[in-house]
Amino acid sequence: MKLVLLLTGKTDQTWIRDGVAEYGKRILKYARFEIVTLPDVKNPGNRSADRAMSKEAEKMLSVFRSDDHVVLLDEHGRSFSTIEMAGWLRSTMTLPKKRLVFVVGGPWGFDPSVKARADQLISLSKLTFSHQVVRLLFAEQLYRVLSVIAGDPYHHE
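Under my numbering, residues 77 to 233 are what the sequence shown spells out, in order.
Right under this line is the structure:
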């Protein structure tokens, strides 16, 4: 199964972009992996949050395939420890799907149409992070989880 990280809009901060790229390279040691970045919503300051989410949703939904397993990174999703997430990912990767698509939404969250298409929601923390920082945090965790699945040494076990 191919792993995809779907991002809404470009990463503005160089240090975040570099970190995500670094973890993207590391992830390739363990799995087929791709980062897909959707174009920014134009003139978001002139639109309501609902209108901006709707425009983002159109772009996201056009990327999803019928045989994708879509996982939204959402504050209301299921929380895991790293070891628990490794077990979840191990079993999820056995599903008869071609791609496992992890989605980081924009600053307004997810439109209801995207939530309706999602197969699962997971949360990285009860803390609030910007959608930019979530990209780096998730890339690091995905790398760590894949290394646990591969049996590499994990410093907490």
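Yeah, the Cβ is synthetic: ideal placement off N, Cα and C, and Gly gets one too.
Sequence-distant residues of the same chain with beta carbon closer than 6 Å to residue i, five excluded per side
i    : result
L171 : H145
E108 : Here the sequence assigns Arg to residue 108, which means Glu is not the residue at that position. K78.
Buried or exposed (CB count within 10 angstroms, at least 16 for buried), residue i
i    : result
G181 : buried
T89  : One point to set straight first is that residue 89 is Gln, not Thr, in the sequence displayed. Exposed, since its Cβ has fewer than 16 Cβ neighbours within 10 Å.
W184 : buried
A226 : exposed
Contacting residues, own chain, Cβ-Cβ under 8 Å from residue i (five flanking each side not counted)
i    : result
I103 : L79, F109, A215, L218, Y219, L222
A128 : V117, P120, G182, W184
G163 : none
C-alpha gap between residue i and residue j, whole angstroms
i    : j    : result
V139 : L149 : 16 Å
S124 : L212 : 27 Å
K131 : V117 : 7 Å
S155 : F205 : 15 Å
L114 : P229 : 35 Å
A97  : L197 : 24 Å
L137 : I159 : 31 Å
D26  : P188 : No answer is possible for residue 26: it lies beyond the span of the chain, which begins at 77 and ends at 233.
G153 : T87  : 23 Å
D94  : H207 : 16 Å
S157 : K202 : 12 Å
Start-to-end residues for the beta strand (DSSP E) that takes in residue i
i    : result
G153 : 144–155
L79  : 78–84
R175 : 175–180
Unbroken alpha helix (DSSP H) run spanning residue i, endpoints
i    : result
R93  : 90–103
L218 : 207–225
DSSP bridge partner residues for residue i (one or two, in chain order)
i    : result
E160 : E160 pairs with nothing; no bridge assigned.
Residues of its chain near residue i, where Cβ-Cβ distance is below 7 Å and the 5 sequence neighbours each way are ignored
i    : result
K173 : M77, D143, D144, H145
G100 : F109, I111, A215
T168 : H145, L176
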